[in-house]
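Below: one structure, written as structure tokens.
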């Protein structure tokens, strides 16, 4: 019995010690991050050296207006959890455009959490940056979503990782309907709307088993409008006809990275270090 208690207490002590060490490491890391965040927010301007390149990742959620008092937790499990203000992004692009020390922009694109409206504003600002400053913009990604490619198309040159992919297959929308579940639970949902308000379809998710024709029509019009806007922007940037772009999406012609080059949607397939070397040569940095 004494031996059992001895081993039990030793095991408990070891667990407590390990737990204490892990908690201490977490506290130190969190404190360092908070200190860095507070230093960032202290109002001290970021030092920009001669022959600099603006590195844009846009991994964080983009909201309309950023707040300078938000903690910039950007490590470990917190990486990418902060928020960027659209106003901050546009303001920094404007500063980079006017700053002679900044020689260009490197769009390092991965996943983005940004709506179509915000994306269009950033894209328009990138085009303005190029046209008014004469400085190059280079885009690179391991793989492009349709959203990140829309943004990348504003660049002078667009590159893709050799084993990467470009998702280019059009737009769609999906909806969930809960009527069947509510029927099984014997729950009655009442949705009140006027006889001439058939396009106010939010409540249909709770009262119908599928889309009404009015809801289907308004979604078709919305997606069609967004897709035409998207294709027009890509066509202008890449000098590819909108009908051809539509066919590329409809027939899903992009199956590998090389297809995107052949079809004129990217300028080449390169690894990240090759793109960085190219930028150093082009921008003299």
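Numbering (this note's numbering), first residue to last: 17 to 301. Note that the Cβ used here is the ideal one computed from N, Cα and C, for glycine as well. Predicted, not measured: the structure shown is a model, and the values here were computed from it.
**OP:** Verify whether the separation of the beta carbon atoms of residue 244 and residue 258 is less than 9 Å.
**Re:** Within the chain shown, residue 244 is the residue found at index 228, counting from 1. Within the chain shown, residue 258 is the residue found at index 242, counting from 1. It is a contact, given that the beta carbons lie within the stated cut-off.
Original post:
Between the C-alpha atoms of residue 34 and residue 64, what's the straight-line distance to the nearest angstrom?
Top reply: One-based indexing of the chain shown puts residue 34 at position 18. One-based indexing of the chain shown puts residue 64 at position 48. Residue 34 and residue 64: Cα-Cα distance of roughly 43 Å.
**OP:** May I ask you to report which of helix, strand or coil DSSP gives residue 200?
**Re:** The residue you call residue 200 lines up with position 184 of the chain shown. Three-state result, residue 200: helix.
Original post:
Do you know offhand how far residue 117's Cα is from residue 74's?
Top reply: Taking the first residue of the chain shown as 1, we reach residue 117 at position 101. Taking the first residue of the chain shown as 1, we reach residue 74 at position 58. Counting only the Cα atoms, residue 74 lies some 22 Å from residue 117.
**OP:** May I ask you to report which of helix, strand or coil DSSP gives residue 249?
**Re:** For the purposes of this step, residue 249 is taken as the residue at position 233 of the chain shown. In the displayed model, residue 249 falls within a helix according to three-state DSSP.
**OP:** Would you check if the distance between the CB atom of residue 77 and the CB atom of residue 130 is smaller than 9 Å?
**Re:** Taking the chain shown and counting its residues from 1, the one referred to as residue 77 is at position 61. Taking the chain shown and counting its residues from 1, the one referred to as residue 130 is at position 114. Contact: yes.
Subject >> Residues that residue 264 bridges to, as DSSP identifies them >> reply: In the chain shown, the residue the question calls residue 264 occupies position 248. None; residue 264 has no bridge partner.
**OP:** Sort out for me which residues DSSP pairs residue 295 with in a bridge.
**Re:** Numbered from its first residue, the chain shown carries residue 295 at position 279. The partner list for residue 295 (beta bridge, DSSP) is empty, contrary to what the question assumes.
Subject >> Beta-carbon gap between residue 157 and residue 179 smaller than 9 Å >> reply: Position 141 of the chain shown, counting from 1, holds the residue named residue 157. Position 163 of the chain shown, counting from 1, holds the residue named residue 179. Not a contact, by the Cβ cut-off of 9 Å.
Original post:
Run through DSSP, which three-state label would residue 28 get?
Top reply: Numbered from 1 along the chain shown, position 12 holds the residue referred to as residue 28. Helix.
**OP:** Quick one: using the 10 Å Cβ neighbour count with 16 as the cut-off for buried, is residue 276 buried or exposed?
**Re:** Taking the first residue of the chain shown as position 1, residue 276 is located at position 260. Per the 10 Å Cβ criterion, buried.
Original post:
If residue 291 sits next to residue 154, beta carbons under 8 Å apart, how far is it from one beta carbon to the other, in whole angstroms?
Top reply: One-based indexing of the chain shown puts residue 291 at position 275. One-based indexing of the chain shown puts residue 154 at position 138. 7 Å between Cβ atoms; contact.
Subject >> residue 28 versus residue 99 - alpha carbon distance >> reply: Here residue 28 refers to the residue found at position 12 when the chain shown is read from its first residue. Here residue 99 refers to the residue found at position 83 when the chain shown is read from its first residue. It is roughly 41 Å from the alpha-carbon of residue 28 to the alpha-carbon of residue 99.
Subject >> Integer Cβ distance of residue 160 from residue 135, believed to fall under 8 Å >> reply: Residue mapping note: residue 160 aligns to position 144 of the chain shown, counting from 1. Residue mapping note: residue 135 aligns to position 119 of the chain shown, counting from 1. Not confirmed; about 13 Å, so no contact.
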